[in-house]
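*Asks:* Please read through the structure below; I'll follow up with questions.
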Amino acid sequence: MWVKLCCLLLYFVALFVLARVFEAVAWYESGFLATQLVDPVALSFRKLRTILECRGLGHSGLPEKKDVRELVEKSGDLMEGELYSALKEEEASESVSSTNFSGEMHFYELVEDTKDGIWLVQVIANDRSPLVGKVHWEKMVKKVSRFGIRTGTFNCSSDPRYCRRRGWLKSTLIMSVPQTSTSKGKVMLKEYSGRRIEVEHIFKWITAHAASRIKTIYNSEHLKEEWNRSDQYRVKIYLFANLDQPPAFFSALSVKFTGRVEFIFVNVENWDNKSYMAEIGVHKTPSYILRTPEGIYRYGNNTGEFISLRAMDSFLRSLQPEVNDLFVLSLVLVNLMAWMDLFITQGATIKRFVVLISTLGTYNSLLIISWLPVLGFLQLPYLDSFYEYSLKLFRYSNTTTLASWVRADWMFYSSHPALFLSTYLGHGLLIDYFEKKRRRNNNTDEVNANNLEWLSSLWDWYTSYLFHPIASFQHFPFDSDWDEDPDLFLERLAFPDLWLHPLIPTDYIKNLPMWRFKCLGVHPDEEMPETFQDSESDSDSENKEVFSSEREASEDDELTAFHGRGEGEPRCGAEACSCANEYCHHEPYGRRARSYGSSSTAGDREPDWSAWPSEMLHCTECVVCLENFANGCLLMGLPCGHVFHQNCIVMWLAGGRHCCPVCRWASYKKKQPYTPPPPLSSDPPS
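Next comes the structure, spelled out in structure tokens:
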């Protein structure tokens, strides 16, 4: 996870540097930056009209270029970046979708239950033609969609009873606007009563109703009273301008941020005394002033702060975010981090996508689960101070120059999704290259694995986990009430030739106890003869080969490997030792146990039992190869207590028979030591 997080942070740094490179290239080619101001006098009439369209100011009664230019200057300073964005938006011929309502419930769910947006709905009465024709309606939809106003069509033929109850007996236009200034307030429906059906007149009617929700100040006394008043709004944005009504983007934002930010329009058209404006720091008009408990911020002085809906929306979201905004941001970041697994994972292509799907599901599930307690905590009244301090931190951090660069880059890459995706893919391919190079230096075999090999290994792992989910020696519980392994009992009932043998991981073999067999009275130099050293080295190499190809040997080959030995490879040394008698003692069990493999040799010597683990049974013969233990040979014990040559028992277990050759106890399962009953007291009870 931390590797993917570091890769994602590195990608964001690369995007930041790439944006600065684009700015330098644009400055070198054109000689201007996106933050440079544009003189409206040098612009054509078409460009000036495009700027007014994007800001939401009507210009139908202004035929002269001079009047249009003055209106642009009154609404705010124009930057090169805003001009570029407006021209690109006009050239883009994207078709904006409009909703077709199916009935009353659909209309209520989308329009009347939506508390933070504006709807424009065309109602078509029964057996009537629409009020706005198809061509004008498409222009209207495209015009109002720039400001976040959603559109739809309600045909009364789908629900005539609802139209009669509403009084929609003729085709008309309905506008839905939140009635109160509080979040999630009531919605008010307004019907268009004008006679002119042109797009500009309908748009003027929409902007007039939207602007009526904004508090308007007409004199300095009212401004002083409002400026010094403290209410529930912690963030207020003032527009000081010489306009009849605020621009449409300003009115649309006031609806979108209902309950979070208060929008105030100060009309300075007929002001004679502007001294109080100078006292509060407003020296020119138009000005967009953001007032917070931390101070005053002048919008438009930093990078990317354009006079447009999209730029101001991202600015206000960063200052006063909703919980939903933070959730969407975390969702995007988590999924970008999860997709890094597609490039970090090496090996087969199918493996990459399987790991990617698993990571996406895991990360998104954890994200949703972690957000549930956060939402619960935010509802507690005791966390109001924590919430206020968090918003204060957001306001401090997002009014810096670095934050303005990040917002500008976000708007740039979101408007060019192909560039964003291509840079992400290129970054991922670089990660894949370096990760593949690193693993090749470490001699990792999975880099060159193909799809079939990986699917085969995945199936082996799945079947092993399915049949024996806890087959590991170190994780198996110590206490058990079964005298025999239930899995082994089921295997005995099965037909070995008709059923697939269940696969058990052999990692527990490495944890079985191993030690060397020693006899008392033998000099250390004589403990390991040369012939035994050779056989032991061959035995160790043979063990490694068995681990790598444990499931490839057939039954006949295994029997040959267990009982057949080549020339020059003796399993035991020439000098062997055995117990002094045919019985072996097992002191930890507190009883005498019959030796399951003891036989005397020519030179009997007493074994050194002190080197044996306490839970192992004492014996001198391996029942797999039927030979005595040689002095210095390597032994291995099973959980049941029986002891064998290390080479013999490893080949036995790796061949798929995970049980003791003597008692058939599962080799991966701990066995509870035998506890003898306490002796009966011969003293009579008192």
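Mapping of the sequence shown onto the working numbering: position 361 corresponds to residue 348, and the numbering continues sequentially without gaps. Quick reminder that beta carbons are idealized off the backbone N, C-alpha and C, glycines included. Just so it is clear, the structure is predicted and the values come from calculations on it, not from any experiment.
Nearest to Leu365 by alpha carbon, out of Asn311, Tyr225 and Gly413?
*Replies:* In the sequence shown, counting from the first residue as 1, residue 365 sits at position 378. Checking every option, the nearest Cα to that of Leu365 belongs to Asn311.
*Asks:* With DSSP run on the structure shown, which of helix, strand or coil describes Gly624?
*Replies:* One-based indexing of the sequence shown puts residue 624 at position 637. The answer is strand: DSSP assigns Gly624 an E or B state.
*Asks:* Taking the DSSP output, what are the residues bridged to Ser274?
*Replies:* The residue given as residue 274 occupies position 287 in the sequence shown. For Ser274, which the question treats as bridged, DSSP gives the partners Phe227.
*Asks:* Whole angstroms is fine: what's the gap from Leu677's alpha carbon to Gly413's?
*Replies:* What is shown of the chain runs -12 to 673, which leaves residue 677 out entirely.
*Asks:* Please go through the same chain and pick out, in chain order, the residues whose beta-carbon is closer than 7 Å to the beta-carbon of Asn289, but skip the five residues on each side of it.
*Replies:* Along the sequence shown, read from residue 1 onward, the residue named residue 289 stands at position 302. The answer, listed in chain order, is Thr388 and Ser391.
*Asks:* What does the Cβ neighbour count give for Arg216, buried or exposed, with the cut at 16 atoms within 10 Å?
*Replies:* For the purposes of this step, residue 216 is taken as residue 229 along the sequence shown, with counting starting at 1. Counting Cβ neighbours within 10 Å, Arg216 comes out exposed, since fewer than 16 surround it.
*Asks:* Could you tell me the alpha carbon to alpha carbon distance between Val128 and Thr138, rounded to whole angstroms?
*Replies:* Taking the first residue of the sequence shown as 1, we reach residue 128 at position 141. Taking the first residue of the sequence shown as 1, we reach residue 138 at position 151. Looking at the two C-alpha atoms, the distance is approximately 6 Å.
*Asks:* Using a Cβ-Cβ cut-off of 6 Å (strictly less than) and excluding sequence neighbours within five positions of Phe32, which residues of its own chain qualify?
*Replies:* Translated into positions along the sequence shown, residue 32 becomes position 45. Lys52.
*Asks:* Please name the residue, chosen from Lys211, Tyr15, Phe244 and Glu178, that lies closest to Arg200 on a Cα-to-Cα basis.
*Replies:* Taking the sequence shown and counting its residues from 1, the one referred to as residue 200 is at position 213. Cα-wise, what sits closest to Arg200 is Phe244.
*Asks:* Under three-state DSSP, which class holds His645?
*Replies:* Translated into the one-based positions of the sequence shown, residue 645 becomes position 658. Three-state DSSP puts His645 in coil, outside helix and strand.
*Asks:* Do Glu60 and Phe293 come within 7 Å of each other at the CB atom, strictly closer than that value?
*Replies:* Residue numbering aside, residue 293 sits at position 306 when the sequence shown is read from its first letter. Residue numbering aside, residue 60 sits at position 73 when the sequence shown is read from its first letter. Cβ atoms of Phe293 and Glu60: not closer than 7 Å.
*Asks:* Near Thr203, which residues of its chain fall below 7 Å by C-beta distance, leaving aside the five closest residues on each side in sequence?
*Replies:* Looking up residue 203 in the sequence shown gives position 216. Closer than 7 Å at the Cβ level, and outside the excluded window around Thr203, lie Phe252 and Asn254.
*Asks:* Is the CB-CB distance between Glu266 and Ile331 below 7 Å?
*Replies:* Residue numbering aside, residue 266 sits at position 279 when the sequence shown is read from its first letter. Residue numbering aside, residue 331 sits at position 344 when the sequence shown is read from its first letter. Not closer than 7 Å, so no.
*Asks:* Hey, how far is the Cα of Phe381 from the Cα of His46?
*Replies:* In the sequence shown, counting from the first residue as 1, residue 381 sits at position 394. In the sequence shown, counting from the first residue as 1, residue 46 sits at position 59. So the two alpha carbons sit approximately 38 Å from each other.
*Asks:* Pair every Cβ in the region 100 to 116 with every Cβ in the region 141 to 160, then say whether three or more of these pairs are closer than 8 Å.
*Replies:* Contact between the region 100 to 116 and the region 141 to 160 is present, because at least three Cβ pairs lie under 8 Å.
*Asks:* Between Phe250, Pro273, Phe88 and Arg651, which has its C-alpha nearest Glu256's C-alpha?
*Replies:* The residue labelled residue 256 in the question sits at position 269 within the sequence shown. Minimum Cα distance to Glu256 is reached at Pro273.
*Asks:* Give the single residue among Glu614, Cys612 and Ile496 whose Cα lies nearest to the Cα of Gly643.
*Replies:* Here residue 643 corresponds to residue number 656 of the sequence shown, with the count starting at 1. Answer by Cα proximity: Ile496.
*Asks:* DSSP on Cys(-7), reduced to helix/strand/coil?
*Replies:* As a working mapping, residue -7 is identified with position 6 in the sequence shown. In this structure, Cys(-7) counts as helix in the three-state DSSP scheme.
*Asks:* Name the two residues that bound the continuous alpha helix (DSSP H) containing Leu318.
*Replies:* The count along the sequence shown starts at 1 and reaches residue 318 at position 331. Val310 to Trp326 is the extent of the alpha helix (DSSP H) around Leu318.
*Asks:* Report buried or exposed for Gly268, applying the criterion of at least 16 other Cβ atoms within 10 angstroms of its Cβ.
*Replies:* Against the sequence shown, residue 268 aligns to sequence position 281. Flag for Gly268 reads exposed.
*Asks:* Please state whether the Cβ-Cβ distance between Phe19 and Glu67 is less than 7 Å.
*Replies:* Within the sequence shown, residue 19 is the residue found at index 32, counting from 1. Within the sequence shown, residue 67 is the residue found at index 80, counting from 1. Yes, Cβ-Cβ distance for Phe19 and Glu67 is below 7 Å.
*Asks:* I need the boundaries of the beta strand (DSSP E) containing Tyr284, first residue and last residue.
*Replies:* Residue numbering aside, residue 284 sits at position 297 when the sequence shown is read from its first letter. It spans Gly282 to Tyr286 - the beta strand (DSSP E) in which Tyr284 sits, taken as one unbroken run.
*Asks:* Taking the beta strand (DSSP E) that Ile136 falls in, what are its first and last residues?
*Replies:* Translated into the one-based positions of the sequence shown, residue 136 becomes position 149. Segment: none, Ile136 is in no beta strand (DSSP E) and carries neither H nor E.
*Asks:* Please report how far the alpha carbon of Met398 lies from the alpha carbon of Ser295, in whole angstroms.
*Replies:* As a first step, residue 398 must be located in the sequence shown, where it is residue number 411. As a first step, residue 295 must be located in the sequence shown, where it is residue number 308. Met398 and Ser295: Cα-Cα distance of roughly 12 Å.
*Asks:* Could you give the distance in angstroms between the alpha-carbon of Val131 and the alpha-carbon of Arg425?
*Replies:* Mapped onto the sequence shown, residue 131 falls at position 144. Mapped onto the sequence shown, residue 425 falls at position 438. Roughly 54 Å separates the two Cα atoms.
*Asks:* Relative to the C-alpha of Glu178, which residue among Glu187, Glu185, Trp192 and Pro165 is closest?
*Replies:* Position 191 of the sequence shown holds residue 178. Selected option, being the one with the closest Cα: Trp192.
*Asks:* State the DSSP-derived secondary structure class of Ile193, mapped to helix, strand or coil.
*Replies:* As a first step, residue 193 is located in the sequence shown; it is residue number 206 there, counting from the start. In this structure, Ile193 counts as helix in the three-state DSSP scheme.
*Asks:* Quick one: grab the DSSP three-state call for Ser586.
*Replies:* As a working note, residue 586 is residue 599 in the sequence shown. Interpretation of Ser586 is limited by its pLDDT of 43, a score under 50 that renders its predicted location unreliable; the figure taken from the coordinates is listed afterwards. Coil at Ser586, not helix or strand.
*Asks:* Roughly how many angstroms lie between the CA atoms of Glu593 and Arg427, to the nearest whole one?
*Replies:* Stepping through the sequence shown from its first residue, residue 593 is reached at position 606. Stepping through the sequence shown from its first residue, residue 427 is reached at position 440. Looking at the two C-alpha atoms, the distance is approximately 53 Å.
*Asks:* Pull up the distance between the alpha-carbon of Arg153 and that of Pro117, whole angstroms please.
*Replies:* Mapped onto the sequence shown, residue 153 falls at position 166. Mapped onto the sequence shown, residue 117 falls at position 130. Looking at the two C-alpha atoms, the distance is approximately 17 Å.
*Asks:* Can at least three beta-carbon pairs, one atom from the region 300 to 317 and one from the region 338 to 353, be found at a separation below 8 Å?
*Replies:* With a cut-off of 8 Å, the region 338 to 353 and the region 300 to 317 do not count as touching, because too few Cβ pairs lie within range.
*Asks:* Can you tell me which residues form a DSSP beta bridge with Phe19?
*Replies:* Position 32 of the sequence shown holds residue 19. According to DSSP, Phe19 bridges with nothing at all.
*Asks:* Looking only at its chain, what residues have a beta carbon closer than 6 Å to the beta carbon of Lys505, apart from the 5 residues adjacent to it on each side?
*Replies:* Position 518 of the sequence shown, counting from 1, holds the residue named residue 505. For Lys505, where only same-chain residues beyond five positions count, the Cβ hits under 6 Å are Asp595 and Ala598.
*Asks:* Using DSSP with H/G/I as helix, E/B as strand and the rest coil, what is Pro165?
*Replies:* Here residue 165 is taken as the residue at index 178 of the sequence shown, counted from 1. It is a strand residue.
*Asks:* For a test of the three-state rule: what should DSSP assign to Val267, helix, strand or coil?
*Replies:* For this step, residue 267 is matched to residue 280 along the sequence shown. Sequence check: residue 267 is Ile here, not Val. Coil, per DSSP.
*Asks:* With DSSP collapsed to three states, give me the class of Met92.
*Replies:* Indexing the sequence shown from 1 puts residue 92 at position 105. It is helical.
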